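K.L.:
According to this note's numbering, the first sequence is numbered sequentially starting from -6.
Ideal Cβ positions, reconstructed from N, Cα and C, are used throughout, including at glycine.
As the structure is a computational prediction, the values presented were derived from the model and not from experiment.
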Amino acid sequence: MSLTLYNTMASKKEVFAPLVPDTVTMYVCGPTVYNLAHIGNARPVVVFDTLFRLLQTHYTHVTYARNITDVDDKIIAAAKEGHRSIESVTDEFTAKYREDMAQLNTLPPTLEPHATHNIEPMIELTGKLIEKGHAYESEGHVLFAVESMADYGKLSHRSLEDMLAGARVEVADYKRHPGDFVLWKPAADEDPGWDSPWGRGRPGWHLECSAMIREHLGETIDIHGGGRDLIFPHHENEIAQSRCAHGGEYVRYWMHNAYLDIDGEKMSKSIGNVRSVRDLLKVYRGEVLRFALLSAHYRSPLNFSAELLDQAETTLGSLYSTLSDVRDIELDVEVPLADEPFYRALNDDLNTPVAIAEVHALAKQLHKASAGEKPVLKARILAAGKLLGILEQDPQEWLQGGVSEDVISAEAIDALINQRQDAKLAKDYGRADEIRQELLDQGVVLEDSREGTKWRRKSD
RNA sequence: GGCUCGGUGACAGAGUGGUGAUGUAGCGGACUGCAACUCCGUGCACAGCGGUUCGAUUCCGCUCCGAGCCUCCA
């Protein structure tokens, strides 16, 4: 089955084929490590993690790089504000980023290049651009000359004239053209800096991705991803740097995820509705956050709200409950992915909502299946879960677990269930229902069945 | 102003030129000591107005509403 991806450059879905057979190179813009990742940062991570999983079903060699931007104005500002070193800031937030993303059940990328470990290639790239007449030195800065590139603006579908039409930002006087952007800028003595042919300085924002992609993945990569907002200027400028320095193609498929809103509003510092992944994890398990993020197609805006998360929790609970019913079934069946509706959906530009709907369809079939049909259905659900990064935990632990701490213990629940069992045997249904209600008040739902009484924690 | 992109049922969210998305919640029923789970049934959804068409939520145009980007924000 072929994989189709929406390519921002072409503005349409295209059949994906890697440049080198059976080998895929993918680069996704990672975090600037100066604060905690918020849920908006998590969306591309979860989306491209899902793509990473999918690609691995098609190709033997999949290299997925996600950079760490550890030199930046915001980092310097954070260090100054906290009276601490740059390294202590970047180390802390790099570690927390990895922890938070791991909680979302995302696989570690194959490579995690740090900007500060790749300064040399950035200096080389800058030198090459000057050499070829695409960049110039001005007042200690090195700037890329956008007019030197004929098709600058191709990715964002705009021309230099269009950009100037709406220009509302003061243009630094050291720029030849208002659209010129910084490759290298001088560093103050107390700020981090590296020696270069243009004096002690540090790289401009766009430079690191171009240089690190070249350094670690090669001249042309297959997929480059990130949030929509990166299309311009970031990715546009990466293209300019890389194409003008090396010629050839830079990226073959550009992918961009849409934003998410919080309770119907744009997430922004000024509104004060920025939600960090770390804070959300105090209330919802990582898999719930992941499921919520995958519940909309990655190119559609997603409204993130308590309702969405509660729905995600309920839905996951019901799927785990289905798996719980068949937890004793041993699996030794291979699932031919090519025949699977959920696989078809994922291969259609990562249509996760449809893939999830197909999982529901499988769950429904499983409920009605004969004993002989159950193993293969269970295997199919788990195969879908593996690709989506969900349903990989023990069902009973999921249903009986949670993130809250001050809840009734499993031992206390079992004790009450035993009491209720005695009451039922004595036909004291009044007492039995009392216990049921008592547990329900503490968020515990009981289910009587032939095998005995099962319990699970309710989301709210 | 320029460039992109959207408006689907109570809510979330796919998709299609003519039959069903799916989920959550709701309602009715079966099952249950009562529940829960599960099953069965159920709700006249496609912003508005024109056009193309035998037929449009799906194609085209206009209107209204909304979003993102326009120099370092996923």
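1) Which one of Gly218, Tyr52, Gly211, His239 has the shortest CA to CA distance from Lys125?
2) Have a look at Leu302 and Ala348 and give me their C-alpha separation to the nearest angstrom.
3) Note down the Cα distance separating Gly382 from Val139, rounded to an integer number of angstroms.
4) Would you grab the beta carbon distance between Ile123 and Thr87 for me? Rounded to a whole angstrom, and I think it's under 8 Å.
5) With respect to the beta strand (DSSP E) encompassing Leu29, which residues constitute its N-terminal and C-terminal limits?
6) Is it true that the CB of Leu97 sits closer than 8 Å to the CB of Ala58?
7) Measuring only the C-alpha atoms, how far is Tyr277 from Gly436?
8) Our contact map puts Thr345 next to Thr43 with C-beta atoms below 8 Å; I'd like the distance itself, whole angstroms only.
9) Would you decide whether Val281 is buried or exposed? Buried here means 16 or more other CB atoms lie within 10 Å of its CB.
10) List the whole-angstrom C-beta distance separating His134 from Val175, where the pair is believed to meet the contact cut-off of C-beta under 8 Å.
11) Within the continuous alpha helix (DSSP H) that includes His134, where are the two ends?
12) Between which residues of its own chain and Asn250 is the CB-CB distance below 7 Å, once the five residues before and five after are set aside?
13) Using the C-alpha atoms, what's the distance from Leu210 back to Thr18?
14) Taking Met(-6) as the reference, give the member of Gly394, Glu333, Ala350 with the closest Cα.
15) In three-state DSSP terms, what is Ser442?
16) I need the DSSP call for Asn266, collapsed to helix, strand or coil.
17) Could you work out which residue in Arg373, Ser235, Ala72, Ala128 is closest to Ala354 when comparing CA atoms only?
18) Between the beta-carbon of Leu459 and the beta-carbon of Glu431, is there less than 8 Å?
19) Would a C-beta distance cut-off of 8 Å place Leu392 and Ser314 closer than the cut-off?
20) Using only the alpha-carbon positions, how far apart do Gln358 and Leu370 sit?
21) Among Thr103, Ile322, Asp65, Leu316, whose alpha-carbon lies nearest the alpha-carbon of Pro185?
22) How would you call Glu201, buried or exposed, if buried means at least 16 neighbouring beta carbons within 10 angstroms?
23) If we count the other Cβ atoms within 10 Å of its Cβ and call it buried at 16 or more, is Lys168 buried or exposed?
24) Measuring straight from C-alpha to C-alpha, what distance separates Asp173 and Val400?
25) Once you ignore the five residues that flank Ala128 on each side, which residues in its own chain have a CB closer than 7 Å to its CB?
26) Thinking C-beta only, is Ala204 closer than 8 Å to Asn111?
27) Shortest alpha-carbon distance to Asp166 belongs to which of Ser131, Lys67, His150, Lys178?
28) Can you list, in chain order, the stretches of the alpha helix (DSSP H) that have 4 or more residues and sit fully within the region 59 to 142?
P.N.:
On the basis of the data shown:
1) His239
2) 19 Å
3) 42 Å
4) Not really, about 32 Å apart at Cβ, beyond 8 Å.
5) Note, Leu29: premise wrong, no beta strand (DSSP E); not H, not E.
6) no
7) 15 Å
8) 7 Å
9) buried
10) 6 Å
11) Premise fails: His134 lies in the beta strand (DSSP E), 134 to 137, not in any alpha helix (DSSP H).
12) Arg36, Pro37, Val40, Gly220, Arg221, Tyr291, Arg292
13) 7 Å
14) Glu333
15) strand
16) coil
17) Arg373
18) This structure cannot speak to residue 459, because the chain is shown only from -6 to 453.
19) yes
20) 8 Å
21) Asp65
22) buried
23) buried
24) 58 Å
25) Thr119, Leu122, Val135, Leu136, Phe137, Ala138, Leu176
26) yes
27) Ser131
28) 66 to 75, 79 to 96, 112 to 124
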